[in-house]
Amino acid sequence: MLLTRRLSLLLLISALTLGVAACGEEDSPVQDSDNHGDHGDHGDHGDHGDHGDHGDHSDAYTVVLIDPQTEDVWADTHGDHWHGDFPELFVGQSLEVGVELFDEAGDPVVLDDTTLNLVARIAPGSPDTVVAVEVHGDHLDVEGLAIGESAVLFELRAQDDELLFESPTLPITVVE
Numbered sequence: 001m002l003l004t005r006r007l008s009l010l011l012l013i014s015a016l017t018l019g020v021a022a023c024g025e026e027d028s029p030v031q032d033s034d035n036h037g038d039h040g041d042h043g044d045h046g047d048h049g050d051h052g053d054h055g056d057h058s059d060a061y062t063v064v065l066i067d068p069q070t071e072d073v074w075a076d077t078h079g080d081h082w083h084g085d086f087p088e089l090f091v092g093q094s095l096e097v098g099v100e101l102f103d104e105a106g107d108p109v110v111l112d113d114t115t116l117n118l119v120a121r122i123a124p125g126s127p128d129t130v131v132a133v134e135v136h137g138d139h140l141d142v143e144g145l146a147i148g149e150s151a152v153l154f155e156l157r158a159q160d161d162e163l164l165f166e167s168p169t170l171p172i173t174v175v176e
């Protein structure tokens, strides 16, 4: 099963790598981060949440959120936005979500708390009373606290707490 999962992830990474070309115009060799070709015009990317200032850290990592029961990919980062959606939560519901991180070469990043640490937090400007999120190595727990919408983001931090990567924000909706 582990071999099947790893093979599936390698295929996913390959598909994501090939999919990068689909985000630009087919007749333009220059990739423009605001031009998503066949994905439609996202304009200011308002439907993907606030991306904020990413400073000078790397966007070379890919965060993949996985349903641990079925191993289906719910959402994954793609440059400055997410593909897929986080499932709706009910108030009081806790959801375990598999999380994997890959470097720009598509290799898995080992998160061991001694050299690299993945942090999930409520995005700036989002209410912190709607969801709670906590990373536990290869998975995270997300709990619906109140009806509403919020957003989370993921940070990869070095042992000295240096920010190496920050994901785009991912909207989460909690319903009754």
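In the UniProt record's numbering, the protein residues as written are 1 to 176. The C-beta atom is built at its ideal place from N, Cα and C for all residues, glycine as well. Computed from a predicted model, the values in this text were never measured in an experiment.
Counting along the chain, the unbroken beta strand (DSSP E) around residue 144 starts and ends at 139-144. C-alpha of residue 119 to C-alpha of residue 90: approximately 23 Å in a straight line. Contact between residue 67 and residue 74 is confirmed by a C-beta separation of about 6 Å, below the 8 Å threshold. Residue burial annotation: residue 144 is buried, with at least 16 other C-beta atoms found within 10 angstroms of its C-beta. About 15 Å separates the beta carbon of residue 63 from that of residue 110, a gap too long to meet the 8 Å contact definition. With fewer than 16 neighbouring CB atoms inside 10 Å of its own CB, residue 147 falls in the exposed class. Taking all protein chains in view, the Cβ of residue 124 is surrounded by fewer than 16 other Cβ atoms within 10 Å, so the residue is classified as exposed.
85 is the residue among 85, 60, 69 whose C-alpha sits nearest the C-alpha of residue 169. Of the residues 108, 97, 142, 117, the one whose Cα lies closest to the Cα of residue 163 is 117. In this model, residue 82 and residue 115 are separated by some 26 Å (Cα to Cα). In the DSSP assignment, residue 150 forms a beta bridge with 172. Collapsing the DSSP output to three states places residue 131 in a strand.
Burial state of residue 167 is buried, judged by a 10 Å Cβ sphere holding 16 or more other Cβ atoms. Listed in chain order, the non-local C-beta contacts of residue 130 below 7 Å within the same chain comprise 145, 146, 148, 149, 150, 174, local neighbours out to five positions each way being set aside. Pairing residue 156 with residue 97 gives a Cβ-Cβ distance that is not under 7 Å.
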